[in-house]
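See below for the structure under consideration.
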Amino acid sequence: MLELLFLGTGASVPSRDKATSCIAVRSGSDIILMDCGEGSQRQIMISPFSFMKISTILITHLHGDHVFGLPGLLQTMSLSGRKYPVTVYGPKGIKECVDAFMKATEGETVYPLEVIEVSGGEDIENGNTIISVYPTEHNIPSVGYVVREKDRPGKLNRQKALELGIKDGPDMARLKNGETVNGVSPEQVVGKPIRGASISYTGDTVKSQSVIDASKDVTVLIHECTYMSSDAELAKEHWHSTALQAAETARECNAMNLLLTHVSNRYADISKVEAEARKVMPNSFAVSDMQLFDVNTDGMTLRQ
Ligand SMILES: [Zn+2]
Ligand SMILES: [Zn+2]
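Take 7 as the starting number for the sequence shown in the numbering used here and just add one per residue.
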């Protein structure tokens, strides 16, 4: 199971109700942060998640509403005596950005900090998850990410294994983990691998085929939705998407659920944004700050 926490769901600037872009994904005790807009560390501190458990930070692009929280968070981790490494991934320019933040504020970290530039196509091993990077289309270099739980071994038919002469204990475990034991192969007694839950996050983008290709069959697609269709021209001009375009993308990639974020403050009533998307994609929800979802292979539930 993945836990998905929305820390900031606003677009461009913070408002009374919404912080700027920041999303946390927890797998076990490990936390992956996706974007880190201004005020993100304060949002984390008032959430049930611990900022000290963040191992990986995925930045979609270098607009301020997605990165201005980064120097503060990295510095607070240092002041809190963190020892474990942190890795920051982002598009071209992220290294220069973090270096400049650190240099200007003399904010050297006491823990190992690695910053890696990505452009799409990379698969990153990350504990229980695999993170796939894909290109998106915004007015500066930008990427999106799919966080996918690794598949788990299928269910073992213990009775059948016993009948084939396998004893309970280590042999049974080896068989379940894919080894052939005493001539009995896993295919004979172990079911299909259990697919893990998956979350795709676009960051800012126009409707893009690369989002559809990378997000095939995901449990949750988090798509930016800065505008409604009534402002489609503005969306195009500023390299953003409408609710309808986000919903079409979700349908075309066969996502199980669509979560709409980065909604412009001009739409006070986000239920209208949600309604536009639901015409095409019934499982669409416009998210608010501090909403926490459990994401399982077979679906998603709002916990708070
Ligand atoms: Zn933005
Ligand atoms: Zn942007």
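Glycine included, C-beta positions come from ideal geometry on N, C-alpha and C.
Could you tell me whether the Cβ atoms of residue 197 and residue 166 are closer together than 8 Å?
-> Start at 1 with the first residue of the sequence shown, and residue 197 comes out as number 191. Start at 1 with the first residue of the sequence shown, and residue 166 comes out as number 160. The Cβ-Cβ distance between residue 197 and residue 166 does not fall below 8 Å.
Say whether the region 163-179 touches the region 202-215, bearing in mind that this needs 3 or more beta-carbon pairs closer than 8 Å, one atom from each stretch.
-> In this structure the region 163-179 does not touch the region 202-215; the number of beta carbon pairs closer than 8 Å is below three.
Please work out which residues of its chain come closer than 6 Å, Cβ to Cβ, to residue 39, disregarding the five sequence neighbours upstream and downstream, and give them in chain order.
-> For the purposes of this step, residue 39 is taken as the residue at position 33 of the sequence shown. Contacts found: 30, 60, 63.
Is the beta carbon of residue 14 sitting closer than 8 Å to the one on residue 49?
-> Taking the first residue of the sequence shown as 1, we reach residue 14 at position 8. Taking the first residue of the sequence shown as 1, we reach residue 49 at position 43. It is a contact, given that the beta carbons lie within the stated cut-off.
Hey, would you say the C-beta of residue 41 is under 7 Å away from at least one heavy atom of ligand 2?
-> The residue you call residue 41 lines up with position 35 of the sequence shown. Incorrect: residue 41 has no Cβ contact closer than 7 Å to ligand 2.
Look up residue 77 in the DSSP assignment and say whether it is helix, strand or coil.
-> Counting from 1 along the sequence shown, the entry for residue 77 is found at position 71. Residue state for residue 77 is assigned as helix, using DSSP reduced to three classes.
Coarse secondary structure for residue 16, derived from DSSP in three states | In the sequence shown, residue 16 corresponds to position 10, counting from 1. Reduced to three states, the DSSP call for residue 16 is strand.
How long is the line joining the alpha carbons of residue 112 and residue 81, rounded to whole angstroms?
-> Here residue 112 refers to the residue found at position 106 of the sequence shown. Here residue 81 refers to the residue found at position 75 of the sequence shown. One C-alpha to the other measures close to 10 Å.
Can you find at least 3 beta carbon pairs, one from the region 187-195 and one from the region 238-255, that sit closer than 8 Å?
-> In this structure the region 187-195 does not touch the region 238-255; the number of beta carbon pairs closer than 8 Å is below three.
Given 8 Å as the limit, is there contact between the region 149-157 and the region 68-80, that is, 3 or more CB pairs closer than that?
-> Contact between the region 149-157 and the region 68-80 is absent, because fewer than three Cβ pairs lie under 8 Å.
With hydrogens ignored, establish whether the beta-carbon of residue 229 is closer than 7 Å to any heavy atom of ligand 2.
-> The count along the sequence shown starts at 1 and reaches residue 229 at position 223. Not one heavy atom of ligand 2 sits closer than 7 Å to the Cβ of residue 229.
Should residue 272 be labelled buried (16 or more other beta-carbon atoms within 10 Å of its own) or exposed?
-> Looking up residue 272 in the sequence shown gives position 266. Exposed, since its Cβ has fewer than 16 Cβ neighbours within 10 Å.
Cβ pair count under 8 Å reaching 3, the region 255-263 against the region 285-304 = Taking 8 Å as the limit for Cβ pairs, the verdict is that the region 285-304 does touch the region 255-263.
Let me have the residue list for ligand 2: C-beta closer than 5 Å to any non-hydrogen atom, ordered along the chain.
-> That gives 69, 210.
So the alpha helix (DSSP H) residue 269 belongs to, where does it begin and stop?
-> Position 263 of the sequence shown holds residue 269. Per DSSP, residue 269 belongs to no alpha helix (DSSP H) and is neither H nor E.
Close beta carbons around residue 107, own chain, < 6 Å, minus the five adjacent residues each side | Taking the first residue of the sequence shown as position 1, residue 107 is located at position 101. Contacts found: 77.
Is the Cβ-Cβ distance between residue 140 and residue 224 less than 8 Å?
-> As a working mapping, residue 140 is identified with position 134 in the sequence shown. As a working mapping, residue 224 is identified with position 218 in the sequence shown. Here residue 140 is not near residue 224, since their CB atoms are 8 Å or more apart.
Closer than 7 Å: residue 17 CB and nearest ligand 1 heavy atom = Looking up residue 17 in the sequence shown gives position 11. Yes, ligand 1 has a heavy atom inside 7 Å of this Cβ.
Where in the region 194-282 do unbroken runs of the alpha helix (DSSP H), each at least 4 residues long, occur, reported from the N-terminal end onward?
-> Whole alpha helix (DSSP H) segments, 4+ residues: 215-220, 238-243, 249-258.
Quick one: what's got a C-beta closer than 8 Å to residue 222's C-beta in the same chain, skipping five residues either side?
-> Your numbering for residue 222 matches position 216 in the sequence shown. Cβ within range, chain order: 259, 260.
Residue from 36, 53, 302, 22 with nearest C-alpha to residue 202 | Position 196 of the sequence shown, counting from 1, holds the residue named residue 202. If we check each option's Cα against that of residue 202, 302 comes out closest.
In the DSSP assignment, find the beta strand (DSSP E) that holds residue 52 and state where it starts and stops.
-> Residue numbering aside, residue 52 sits at position 46 when the sequence shown is read from its first letter. In the DSSP assignment, residue 52 falls outside any beta strand (DSSP E), carrying neither H nor E.
Residue burial classification, residue 234 (beta-carbon count within 10 angstroms, cutoff 16) = As a position in the sequence shown, residue 234 is number 228, starting the count at 1. It counts as buried.
How would you label residue 145, buried or exposed, when you count the other beta carbons within 10 angstroms and need 16 or more for buried?
-> In the sequence shown, the residue the question calls residue 145 occupies position 139. Taking all protein chains shown into account, residue 145 has fewer than 16 neighbouring C-beta atoms within 10 Å of its C-beta and is therefore exposed.
Label residue 25 either buried or exposed according to how many other C-beta atoms from any shown protein chain fall within 10 Å of its C-beta, with 16 as the threshold for buried.
-> Here residue 25 corresponds to residue number 19 of the sequence shown, with the count starting at 1. Buried, by the Cβ-count rule.
Coarse secondary structure for residue 68, derived from DSSP in three states = Your numbering for residue 68 matches position 62 in the sequence shown. Here DSSP, grouped into helix, strand and coil, assigns residue 68 to coil.
Could you tell me which of 89, 84, 45 sits nearest to residue 70, measuring between CA atoms?
-> For the purposes of this step, residue 70 is taken as the residue at position 64 of the sequence shown. Checking every option, the nearest Cα to that of residue 70 belongs to 45.
Out of curiosity, what's the CA-to-CA distance linking residue 12 and residue 293?
-> Here residue 12 is taken as the residue at index 6 of the sequence shown, counted from 1. Here residue 293 is taken as the residue at index 287 of the sequence shown, counted from 1. Near 8 Å, if we compare the C-alpha coordinates of residue 293 and residue 12.
How is residue 40 classed by DSSP in three states: helix, strand or coil?
-> Here residue 40 is taken as the residue at index 34 of the sequence shown, counted from 1. Looking at residue 40 - three-state DSSP - the assignment turns out to be strand.
Residue(s) in a DSSP beta bridge with residue 28 | One-based indexing of the sequence shown puts residue 28 at position 22. Looking at the DSSP assignment, residue 28 forms a beta bridge with 14.
Candidates 172, 157, 158: closest to residue 164 by CA position = Taking the first residue of the sequence shown as 1, we reach residue 164 at position 158. Among 172, 157, 158, the Cα nearest to that of residue 164 belongs to 172.
From 190, 183, 138, residue whose alpha carbon lies closest to that of residue 206 | Position 200 of the sequence shown holds residue 206. If we check each option's Cα against that of residue 206, 138 comes out closest.
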